[in-house]
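Beneath this line is the structure, given in structure tokens, with notes to follow.
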Amino acid sequence: MAKKRRTELDIDTSMAPPPEEEAEPAPVEEPSPADEEKRGEPEPERKINYLKLSIIIGLVVLVVALMGAIGFILLSKSSTEPEQEIKKEKPAPIKKPAPRKPVKRHVKIPELYQFSPFLIRVGKGEREALVQLDFAVEMSGVAVRKEIDRNLVLIRENIYFLLNSLSLETFTDKKKRRKMAVDVAIILNRSIQSGAVTKTLITGLTIF
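Using full-length UniProt numbering, the first residue of the sequence shown is number 1, and each one after it goes up by one.
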């Protein structure tokens, strides 16, 4: 015989698990009369302790003041320290060089002998003119002056003889005047033995 298939309807009910029992609700506790009295009474107001509050405020103010004082001291120290460093780092004063003493230069002033003017007539005919000549001579020493004074008449005659022999062009031309001054010095040195005439200086020349 063929086996009969088991369907859901054929399942044995005895094999099914028993139904779970429902849990009983917890019993509600009723408030006691003491709790109800507490709820009905108003909560007591909190009392403010002004003494403690003033002490706390005073402490806060004191702490703030101390912090401010400490900060001020630190700032003042930090500001003064750089100034002290700057003062320490000042460069040493530069030593000025001592002023130099002026060097004394001994300038030797030559001895001069000034002759009285010479008046000479030069040239001939239309070229004739009257010349006034002033000159001085440089000497090697004071002794030359004394010797010129002793022989002045002879020296002037020799100089006059030289000047009278010159042409008018000699007095007007610059180069010829220089040669004339050299010739005058030569004549003077012939008459001097204690020294010499070093230079002849023409100090004045007038042609009439």
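In this text, a Cβ means the ideal position worked out from N, Cα and C, and glycines have one as well. Note that the structure is predicted; figures quoted are calculated from it, not measured.
- The C-beta separation of residue 122 from residue 166 comes to about 6 Å, placing the pair in contact by the 8 Å criterion.
- Taking the C-beta atoms as reference points, residue 191 is found nearer than 7 Å to residue 151.
- Between residue 195 and residue 116, the CB-CB gap reaches or exceeds 7 Å.
- Taking C-beta atoms under 8 Å as the contact rule, residue 130 and residue 118 fail to qualify, at a distance of about 11 Å.
- For residue 126, there is no enclosing alpha helix (DSSP H), as DSSP marks it with neither H nor E.
- For residue 176, there is no enclosing beta strand (DSSP E); the residue is found in the alpha helix (DSSP H) stretching over 174-190.
- Across the structure, residue 198 and residue 111 are spaced so that their CA atoms are roughly 10 Å apart.
- Within the model, the alpha-carbon separation for residue 93 versus residue 67 is close to 44 Å.
- Straight through space, the alpha carbons of residue 185 and residue 148 are spaced by roughly 12 Å.
- Nearest C-alpha to residue 124 among 178, 102, 143, 169: 169.
- The straight-line gap separating the alpha-carbon atoms of residue 135 and residue 159 is approximately 11 Å.
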